[in-house]
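Numbering (this note's numbering), first residue to last: -18 to 371.
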């Protein structure tokens, strides 16, 4: 049920939150976290706004729709403030571009990681987050302004000329107090297609997804894509706990930025009962290149635990490259009809088999069957879906 008052009360009555509850599994209430159901993800190429997973770290800031254009962003170099612009002013100054990209939480597939690698070394064991499946991600078309264009306009040319010789970062700060950074070189690289976004799938952002404005960094972990953005600073690596302590690659302990290549089966779902008479099943899912800088070239599915594989059809015709300068960083959906092996465990409810899927990018090898323990983050091994004989 719904709980919490005070700062948490208003967000629980949002229409968009109610819609999210219908399409997602709730992981936590305060702050709100949800995982999109496979049944919602499999429906369309673009994940509907209110079906997209939510990962909040604090109460949702309340910004009235009629006040959105008055929302301001302050740009700084270190401790020095350069300028402050309203959204209305940025709309006048910059052209809107649209980029299709996957948004994924760093802890997506935490449950798969625990099943594969065990609890040792995972920061998720024993918490609500250990139940996170594959639904803390979604594919959307984001509309906004290129961050590189904004910074070139704001920062004097003389200062920008010195950037190449310094290890600088861009820190994004949100109205909720959350802040984190990413290397400046990444933001200024036009091929990375980094945005300050005000739209999702042609609609305004929902409150849970950062209304009225957020950072969108295609191929980068969701933890760096700050919502309700109100301040952007060029300077040293951020000193926030989400950069210095959480969302760090382990055992190397460096901040997590790029997402790995990944793929997953959305249908059939785990535990789907199949009748004894079924001999073939339609398998559907998605794959994406993450932050590898490469696009998906091939997906394969196995029904005999990797002994043999069948190539899936990639639904390339759906892909919307929009205004992307760099590689496509959205997902590609796949489908394939696979034959089923002989039934096993009849009458005892035992697993019939597992469907496995794997992907590879252009010029690269297949993803590993099991990815290493990275503190519970970024699991990218084969996706394995057990199904049972009805």
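Don't be surprised by glycine CBs; every beta carbon is placed ideally from N, CA and C.
Because the structure is a prediction, the values reported are computed rather than measured.
#1: Can residue 178 and residue 125 be called in contact, C-beta distance under 7 Å?
#2: Taking the alpha-carbon of residue 63 as reference, which of 86, 81, 16 and 131 has the nearest alpha-carbon?
#3: From which residue to which residue does the alpha helix (DSSP H) around residue 118 run?
#4: Helix, strand or coil for residue 92 per DSSP?
#5: Who are the Cβ neighbours of residue 299 in its own chain at under 6 Å, not counting the five residues just before and after it?
#6: Using 8 Å for Cβ pairs, my map puts residue 95 next to residue 241. What's the rounded Cβ distance?
#7: So residue 344 and residue 275 are supposed to be a Cβ contact under 8 Å. How far apart are they, rounded?
#8: Beta-carbon within less than 6 Å of residue 310's beta-carbon, same chain only, minus the 5 sequence neighbours each way: which residues are those?
#9: Using 8 Å for Cβ pairs, my map puts residue 378 next to residue 239. What's the rounded Cβ distance?
#10: Hey, residue 370 and residue 362: beta-carbon distance below 7 Å or not?
#11: How would you label residue 140, buried or exposed, when you count the other beta carbons within 10 angstroms and need 16 or more for buried?
#12: Identify the residues that DSSP records as bridge partners of residue 6: which are they?
#13: Three or more C-beta pairs under 8 Å: does that hold for the region 161 to 181 against the region 281 to 295?
#14: Within this structure, are the beta carbons of residue 28 and residue 120 separated by less than 7 Å?
#15: Give every residue of the same chain whose Cβ lies closer than 7 Å to the Cβ of residue 165, excluding the five residues on either side of it in the sequence, and list them in chain order.
#16: In this structure, how does DSSP classify residue 328 when only helix, strand and coil are distinguished?
#17: From 53, -6, -11 and 35, pick the residue whose C-alpha is nearest to that of residue 212; which is it?
#18: Whole angstroms are fine: how far does the CA of residue 322 sit from the CA of residue 220?
#19: Under three-state DSSP, which class holds residue 370?
#20: Any idea which residues DSSP pairs residue 37 with across the strands?
#21: Whole angstroms is fine: what's the gap from residue 176's alpha carbon to residue 127's?
#22: Report yes or no: do the region 280 to 290 and the region 108 to 118 share at least 3 C-beta pairs separated by less than 8 Å?
#23: When you compare only the Cα positions, how much space is there between residue 192 and residue 32?
#24: Assuming contact is defined by CB atoms lying nearer than 7 Å, are residue 251 and residue 366 in contact in what I supplied?
#25: For residue 281 and residue 338, what's the separation of their Cα atoms in angstroms?
#26: If contacts are defined as beta-carbon pairs under 8 Å, then residue 270 and residue 247 qualify, I think. What distance do you get, rounded to the angstrom?
#27: According to DSSP, which residues form a beta bridge with residue 339?
#28: Report yes if the CB atom of residue 196 is closer than 7 Å to the CB atom of residue 207, and no otherwise.
#29: Among residues of its own chain, excluding the 5 on either side of residue 327, which ones have a beta-carbon nearer than 6 Å to its beta-carbon?
#30: Hey, quick one: how far does the beta strand (DSSP E) through residue 30 stretch, first residue to last?
#31: Which of the three DSSP states is assigned to residue 266 in this structure?
#32: Apart from the five residues just before and just after residue 188, which ones in its own chain have a Cβ nearer than 7 Å to its Cβ?
#33: For residue 105, name the three-state secondary structure that DSSP assigns.
#34: Does residue 154 pass the burial test, meaning 16 or more other C-beta atoms within 10 Å, or should it be called exposed?
#35: Identify, in the order they occur along the chain, each residue of the same chain with its Cβ nearer than 7 Å to the Cβ of residue 112, setting aside the five sequence neighbours on each side.
#36: Would you mind sorting residue 346 into buried or exposed? The rule is 16 or more other CB atoms within 10 Å of its CB.
Let me lay it out:
#1: A distance below 7 Å separates the beta carbons of residue 178 and residue 125.
#2: The residue with the shortest Cα to Cα distance from residue 63 is 131.
#3: Segment 118 to 127 is the beta strand (DSSP E) holding residue 118; no alpha helix (DSSP H) there.
#4: Residue state, collapsed to three classes: helix.
#5: Closer than 6 Å at the Cβ level, and outside the excluded window around residue 299, lie 26.
#6: Contact between residue 95 and residue 241 is absent: CB atoms are separated by about 17 Å, not below the 8 Å threshold.
#7: Between residue 344 and residue 275 the beta-carbon gap is near 6 Å, inside 8 Å, which marks them as a contact.
#8: Within the same chain, residue 310 has close Cβ partners 82, 199 and 200.
#9: Limits of the chain in this structure are -18 at one end and 371 at the other, which puts residue 378 out of reach.
#10: Cβ atoms of residue 370 and residue 362: not closer than 7 Å.
#11: Its Cβ having fewer than 16 others within 10 Å, residue 140 is exposed.
#12: Within the DSSP secondary-structure output, residue 6 pairs in a beta bridge with 16.
#13: Flag = no, the region 161 to 181 and the region 281 to 295 do not touch.
#14: Yes; because the gap between Cβ atoms is below 7 Å, this pair is in contact.
#15: Hits under 7 Å: 144, 149, 150, 151 and 215.
#16: Confidence at residue 328 is low in this model, with a pLDDT of 44, below 50, so its placement is unreliable and the value that follows should be read with caution. Under the three-state reduction of DSSP output, residue 328 falls in the coil class, being neither helix nor strand.
#17: Closest option to residue 212, judged by alpha-carbon separation, among 53, -6, -11 and 35: 53.
#18: If I take the Cα positions, the gap works out to 54 Å.
#19: Here residue 370 sits in strand by DSSP.
#20: According to the DSSP secondary-structure assignment, residue 37 is paired through a beta bridge with no residue.
#21: Going from the Cα of residue 176 to the Cα of residue 127 covers about 5 Å.
#22: No, the region 280 to 290 does not touch the region 108 to 118.
#23: Between the C-alpha atoms of residue 192 and residue 32 there is a straight-line separation of about 16 Å.
#24: Yes; because the gap between Cβ atoms is below 7 Å, this pair is in contact.
#25: Roughly 6 Å separates the two Cα atoms.
#26: No, residue 270 and residue 247 are not in contact; Cβ-Cβ is about 18 Å, not under 8 Å.
#27: 281.
#28: It is a contact, given that the beta carbons lie within the stated cut-off.
#29: Low local confidence applies: a pLDDT of 49 at residue 327 is under 50, so the model's placement there is unreliable, and no value is given.
#30: From DSSP, residue 30 is part of no beta strand (DSSP E); its letter is neither H nor E.
#31: If DSSP states are grouped into helix, strand and coil, residue 266 belongs with the strands.
#32: So the list reads -8, -5, -3 and 41, once near-sequence residues are dropped.
#33: Look at residue 105 here: in three-state DSSP terms it is coil, with no helix or strand label.
#34: Under this definition residue 154 is a buried residue.
#35: Excluding residues within five positions, the ones whose Cβ falls inside 7 Å are 8 and 92.
#36: By the neighbour-count rule (16 or more Cβ atoms within 10 Å), residue 346 is not buried but exposed.
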